[in-house]
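Trainee:
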Amino acid sequence: MEATIEEGMNLVIVNHYNHSGKWERPRGTGTCKTTLVLIICVLIVLENVTVLLALCRHKRFHSRMYLLIGNLALSDLLAGVAYAVNIFTSGRRTFFLTPTQWLAREGSMFVALSASTFSLLAIGIERHMTMVRRRPSETAGRGRLLGLLGACWAVSVLLGALPSLGWNCQGHLEACSTVLPLYDKSYVAFCISIFSALLAAIVVLYTRIYRLVTSSGRRLGGSRPSECSLVLLRTVVIVLGVFVVCWAPLFLLLLLDVGCSPERCPVLYQEDWFIALAVLNSALNPLIYTLTSRELRTAFFRVLCCSQAQLEATPPIEGPPNLVAIIPTGENSKSSAGGPGAAVSGLTKSKISTPLSSSLPHPGPSSPTLLHPSGPAELLSAVLVKAGALPSLSKF
Numbered sequence: 006m007e008a009t010i011e012e013g014m015n016l017v018i019v020n021h022y023n024h025s026g027k028w029e030r031p032r033g034t035g036t037c038k039t040t041l042v043l044i045i046c047v048l049i050v051l052e053n054v055t056v057l058l059a060l061c062r063h064k065r066f067h068s069r070m071y072l073l074i075g076n077l078a079l080s081d082l083l084a085g086v087a088y089a090v091n092i093f094t095s096g097r098r099t100f101f102l103t104p105t106q107w108l109a110r111e112g113s114m115f116v117a118l119s120a121s122t123f124s125l126l127a128i129g130i131e132r133h134m135t136m137v138r139r140r141p142s143e144t145a146g147r148g149r150l151l152g153l154l155g156a157c158w159a160v161s162v163l164l165g166a167l168p169s170l171g172w173n174c175q176g177h178l179e180a181c182s183t184v185l186p187l188y189d190k191s192y193v194a195f196c197i198s199i200f201s202a203l204l205a206a207i208v209v210l211y212t213r214i215y216r217l218v219t220s221s222g223r224r225l226g227g228s229r230p231s232e233c234s235l236v237l238l239r240t241v242v243i244v245l246g247v248f249v250v251c252w253a254p255l256f257l258l259l260l261l262d263v264g265c266s267p268e269r270c271p272v273l274y275q276e277d278w279f280i281a282l283a284v285l286n287s288a289l290n291p292l293i294y295t296l297t298s299r300e301l302r303t304a305f306f307r308v309l310c311c312s313q314a315q316l317e318a319t320p321p322i323e324g325p326p327n328l329v330a331i332i333p334t335g336e337n338s339k340s341s342a343g344g345p346g347a348a349v350s351g352l353t354k355s356k357i358s359t360p361l362s363s364s365l366p367h368p369g370p371s372s373p374t375l376l377h378p379s380g381p382a383e384l385l386s387a388v389l390v391k392a393g394a395l396p397s398l399s400k401f
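Here it is, written out as structure tokens:
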């Protein structure tokens, strides 16, 4: 069936889509595909709103590292909202948009996804800096945090706004992209180079962090550092693996878009699935960066269960800590910088604060310690760990 121009359609948009070959293709999106994508968007929004609420409600999560994780959640939240708006304005509705509206629609997606990716890099930079500088200055740390957050959003907004500022192919159709018909292929190639450099930087940073932890473990000796190294290695593999799996297909598609015609590469017309996979990374980030931390996981489920109780102090966790505990933040860097004296002081305080502990029976070294959940959030977390849906902290 031949496509016809309807009243109200923008001829510039129609002309660009006709040149890319998308004008003659079916305009409607399948109900099943649209439903699946919208479910992903709703999941992204709910997950990241819950994470932001958990971080805002409890002051213990107001450290630099948790603020960066909150920035990641905010950018992922915006990515879910931007993609939902993109879905509702796609199909035949695309042809009723003006070029400015079309560029703003696609640009908002670029801003949100770029901010999410730059947030991953900022988290890696902060973790690496706190590993290198064992005694960080609070002023320097706050300045570095503001610099990372400002650079993250400034570069993301600039990257997404470049086509609206003139780097587009209006007026020279031969340079137009097939996947994004109003974008210049040179701009697409520029974005590929930026995101490839980001991926390389993230890989280098987390590899460097892992080497710092393993070298520190060799100096200290014993089995505990090696366990921490294995925990960190597992988390690094998850972080990088999920990022590569979600983003690599879109990178390859955009590379084909730059160097291959749609006649030879018909996969260029299936870009919706590649973009959806990249957006799916915004749904997986909260699971990786939040639920692997016991404190954040408890706060997460308390918000999820609408519990009004205040977050109680979490007791020291026996066994290897999670990634946030392995890589010191500004707060635990200051405590570790205190050296043995700080440890002795902590032990002295614990002895003085528990005068009745001597009259109570102490379990032997082989006696298992049973932790009873004190609320619906802890109960839900314990059930998920038991069912295998969340990693057990004793094994993680």
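Counting in the working numbering, the sequence shown runs from 6 upward without gaps.
Yeah, the Cβ is synthetic: ideal placement off N, Cα and C, and Gly gets one too.
Note that the coordinates shown come from a computational prediction; the quantities given were computed from them, not determined experimentally.
Whose CA, out of 182, 76 and 267, lies closest to the CA of residue 155?
Mentor: 76
Trainee: One question on the structure: do residue 287 and residue 161 come within less than 7 angstroms of each other, judged by their Cβ atoms?
Mentor: no
Trainee: In the structure shown, what three-state DSSP assignment does residue 265 receive?
Mentor: coil
Trainee: With DSSP collapsed to three states, give me the class of residue 15.
Mentor: coil
Trainee: So which of 183, 302 and 277 has the shortest CA-CA distance to residue 266?
Mentor: 183
Trainee: Let me know the secondary structure DSSP gives residue 310 once reduced to three states.
Mentor: coil
Trainee: Residue 61 lies in the alpha helix (DSSP H); which residues open and close that run?
Mentor: For residue 61, the enclosing alpha helix (DSSP H) starts and ends at 36–62.
Trainee: Return helix, strand or coil for residue 270, following the three-state DSSP convention.
Mentor: coil
Trainee: Using DSSP with H/G/I as helix, E/B as strand and the rest coil, what is residue 174?
Mentor: coil
Trainee: Starting from residue 106, follow the alpha helix (DSSP H) in both directions and report where the run begins and ends.
Mentor: 104–137
Trainee: For residue 369, which residues of its own chain have a beta-carbon under 7 angstroms away from its beta-carbon, when the five flanking residues on both sides are left out?
Mentor: Since pLDDT at residue 369 reaches only 46, below the 50 mark, its modelled position is unreliable, and no value is offered.
Trainee: Hey, is the stretch 254–269 in contact with the stretch 161–175, meaning 3+ C-beta pairs nearer than 8 angstroms?
Mentor: no
Trainee: Whole angstroms are fine: how far does the CA of residue 22 sit from the CA of residue 9?
Mentor: 13 angstroms
Trainee: Which residue wins for smallest C-alpha separation from residue 135, given the options 110, 11 and 70?
Mentor: 70
Trainee: Thinking residue 151 and residue 127 are a contact (beta carbons under 8 angstroms), I'd like their distance in whole angstroms, please.
Mentor: About 11 angstroms separates the two Cβ atoms, so there is no contact after all.
Trainee: Let me know if residue 84 comes out buried or exposed under the rule of 16 or more other beta-carbons within 10 Å of its beta-carbon.
Mentor: The residue is buried, with at least 16 neighbouring Cβ atoms inside 10 Å.
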